[in-house]
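Residue numbers (the working numbering): 501 to 676.
Okay, here's the thing in structure tokens:
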């Protein structure tokens, strides 16, 4: 696999810089793989009494946060696929609130969401590892914003880091 350099800040819209900034300067596929292991350890440590916990009435439950993470991983990976394969049509916005409202996350067991994360991340890793070198710099538009494929790989990692930090800080008791 080609060594992928960190994306420039102009490869994503300003909104996404907060996720980009959470990713270390390292091989992105190595980062995504390590994050899979770390995130699974965190998710598997969630006590059953915290799965439906909300730290405030208007916030998602722990289960809904993971459902959101899974949905977004799919969206970032699909955008990367679309641009990497040379499609030029802009992609529509993704409204996380609509997705969360339709997901019925509470109707599924926690371990189903955890296994879904494992499967999606494994698929994402296989996709990124199989890209030819020139695909990483391909560009496209999604939600009216420019992205490169490599930026989407970094955003995938940054988004999970953002939410695992929130889970640790606001949802889970004690050391995790």
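Each residue gets a CB set at the ideal place from its N, CA and C atoms; glycine is no exception.
The alpha-carbon separation between residue 638 and residue 591 amounts to approximately 14 Å. Per DSSP, reduced to three states, the secondary structure at residue 604 is coil, with no helix or strand assignment. Residue burial annotation: residue 606 is exposed, with fewer than 16 other C-beta atoms found within 10 angstroms of its C-beta.
Between the alpha carbons of residue 647 and residue 554 lies a gap of roughly 33 Å. C-alpha of residue 551 to C-alpha of residue 627: approximately 30 Å in a straight line. If you draw a straight line from the Cα of residue 520 to the Cα of residue 609, it is about 31 Å long. In the displayed model, residue 599 falls within a helix according to three-state DSSP. Relative to residue 661, the option among 526, 625, 535 whose CA is nearest is 535. Rounded to whole angstroms, the gap between the alpha carbons of residue 561 and residue 618 is 20 Å. When DSSP states are grouped into helix, strand and coil, residue 556 belongs to the coil group. Contact between residue 657 and residue 532 holds: their C-beta atoms lie close to 6 Å from each other, under 8 Å.
Our two residues, residue 635 and residue 583, have alpha carbons roughly 8 Å apart in a direct line. According to the DSSP assignment, residue 583 belongs to the alpha helix (DSSP H) that extends over 562-584. Here residue 633 is exposed. Its C-beta has fewer than 16 other C-beta atoms within 10 Å.
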